[in-house]
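Residue numbers (my numbering): 20 to 125.
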């Protein structure tokens, strides 16, 4: 094989490698970073916006024993808006690092 033929072969191989790599990225989903996806997949889906309220009195009552009140931020909790620890399995599965908002008393 002549040196010129090798260069053409290497060039074609590189182009094919890049093309296959890009296709794999698109199929896996990394190429769809601009696609907007729903974060909340289970909490009050029939409502236009999920809004929950907690009064200061409620928080004071809940924290008076010294334990913090944990609010869910992963949208996976069965006790939403309160955290039930569902983020732990999600973090393992998705290699994420989400956790609750903790409200503590004085």
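C-beta: ideal position from N, C-alpha, C; glycine also.
Buried/exposed call for residue i, threshold 16 Cβ in 10 Å
i: residue 123; result: exposed
i: residue 95; result: buried
CB of residue i within 7 Å of CB of residue j, strictly
i: residue 71; j: residue 100; result: yes
i: residue 117; j: residue 93; result: yes
i: residue 88; j: residue 78; result: yes
Helix, strand or coil at residue i [DSSP, three-state]
i: residue 64; result: coil
i: residue 79; result: helix
i: residue 107; result: helix
i: residue 89; result: strand
Among the options, nearest to residue i - alpha-carbon criterion
i: residue 84; options: 35, 34, 125 and 39; result: 125
i: residue 103; options: 90, 43 and 55; result: 90
i: residue 113; options: 97, 105 and 120; result: 105
i: residue 73; options: 67, 65, 55 and 82; result: 82
7 Å Cβ shell around residue i - same chain, five flanking residues per side excluded
i: residue 62; result: 69, 94 and 99
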